[in-house]
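Okay, structure first, notes after.
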DNA sequence: TCGCTATGACTACAGGTGTAATCACAAACC
DNA sequence: GGTTTGTGATTACACCTGTAGTCATAGCGA
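Protein chains in written order, with this note's numbering: chain R, 1 to 129; chain U, 130 to 258.
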């Protein structure tokens, strides 16, 4: 039953993801707005952002709501769903589907700071009273 | 100081990763050996495996040790390192670098079974006596 | 010795990706 | 009304990826 299949057939690429983040953070922005937030950071031109927006609309990841002669772009998929899908993909690919293995790995390779560990511990207490 | 740059300049792709797994599992195999293990599973021809092996050697992810007229391929990077790099990339990209956020997400989306949680709890006890 | 065969090297090629220029055109301004 | 300007659409193009075919050639078997 292939769990957690994200609704889009097409995958979102790295560059596209950067655009998605901007729109998850604040939906209904124009191409120029999005550019304002990522162009300098990633060294992109407005044209690049426009291309990425178009592709994301084609892929069904964004909705383009007409607003005069331009569009306001809004994600059609929740960030939660995307993040969940990507996480699952990683866990499946690298940890044989076991999320616990991932956590174990992070712990063993010191990827978890003391604060992380404390936070996780608190989480666990909450989840298993 | 661009943190956690894995030793290879080039990224390993999905298809290449499948080949790497075979060689991590058992190093020093020939192209034919590797094909034996993945070709049917992925519907590949031997030629495809050869291409992937070549690209991985070029990328510095594999070493090719001459053995008569053929090569024995062996990973130059440890699976641990690769897995660590990929995990970190995901955490950086999707969870703002916070591994705890990833764990929280997995927990919240029910990606963690009761067994997973128990396992993690045990891990934590070990890590923070 | 001489052809067969296994093997890496090289070539191919369509589709995806990153990055952008150009075009058409409607709105805004003068 | 004519010009500038902001905008999406279209086109471009090099590189990466998946997938594989062809070629040269060094051994192996007869």
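Even glycine gets a Cβ: it sits at the ideal position worked out from N, Cα and C.
Residues near residue i by beta carbon distance below 7 Å, same chain, minus five either side
i: residue 75 (chain R); result: 20, 23, 24, 27, 61 and 62
i: residue 108 (chain R); result: none
i: residue 16 (chain R); result: 52, 55 and 56
i: residue 72 (chain R); result: 28, 29, 30 and 65
i: residue 106 (chain R); result: 112
Extent of the continuous beta strand (DSSP E) run through residue i
i: residue 62 (chain R); result: 62 to 67
Inter-residue Cα distance where the pair is residue i and residue j
i: residue 167 (chain U); j: residue 53 (chain R); result: 37 Å
i: residue 232 (chain U); j: residue 36 (chain R); result: 32 Å
i: residue 95 (chain R); j: residue 244 (chain U); result: 15 Å
i: residue 34 (chain R); j: residue 81 (chain R); result: 21 Å
i: residue 227 (chain U); j: residue 55 (chain R); result: 30 Å
i: residue 126 (chain R); j: residue 50 (chain R); result: 44 Å
i: residue 197 (chain U); j: residue 187 (chain U); result: 21 Å
i: residue 174 (chain U); j: residue 14 (chain R); result: 29 Å
i: residue 130 (chain R); j: residue 43 (chain R); result: Past the boundaries of the shown model lies residue 130 (chain R); chain R is included only from 1 to 129, so the question cannot be answered.
i: residue 118 (chain R); j: residue 248 (chain U); result: 16 Å
i: residue 18 (chain R); j: residue 41 (chain R); result: 10 Å
i: residue 257 (chain U); j: residue 212 (chain U); result: 24 Å
i: residue 206 (chain U); j: residue 93 (chain R); result: 17 Å
i: residue 141 (chain U); j: residue 124 (chain R); result: 34 Å
i: residue 219 (chain U); j: residue 10 (chain R); result: 19 Å
Residue i classed as buried or exposed, judged by whether at least 16 other C-beta atoms fall within 10 angstroms
i: residue 29 (chain R); result: buried
i: residue 31 (chain R); result: buried
i: residue 199 (chain U); result: exposed
i: residue 88 (chain R); result: buried
i: residue 251 (chain U); result: exposed
i: residue 240 (chain U); result: buried
i: residue 229 (chain U); result: buried
Own chain partners of residue i with C-beta closer than 8 Å, once the 5 adjacent residues on each side are dropped
i: residue 242 (chain U); result: none
Cβ-based neighbour list, residue i, same chain, cut-off 6 Å, excluding 5 preceding and 5 following
i: residue 2 (chain R); result: Confidence at residue 2 (chain R) is low in this model, with a pLDDT of 36, below 50, so the placement of that residue is unreliable and no value is reported for it.
i: residue 176 (chain U); result: none
i: residue 208 (chain U); result: 153
Terminal residues of the alpha helix (DSSP H) in which residue i lies
i: residue 48 (chain R); result: 46 to 58
i: residue 23 (chain R); result: 14 to 25
i: residue 251 (chain U); result: 243 to 256
i: residue 84 (chain R); result: 79 to 95
i: residue 107 (chain R); result: 99 to 108
Per DSSP, the bridge partner or partners of residue i
i: residue 73 (chain R); result: R:29 and R:64
Contact test: residue i Cβ vs the ligand PLP heavy atom, cutoff 6 Å
i: residue 82 (chain R); result: This structure simply doesn't include the ligand PLP, nor any ligand for that matter.
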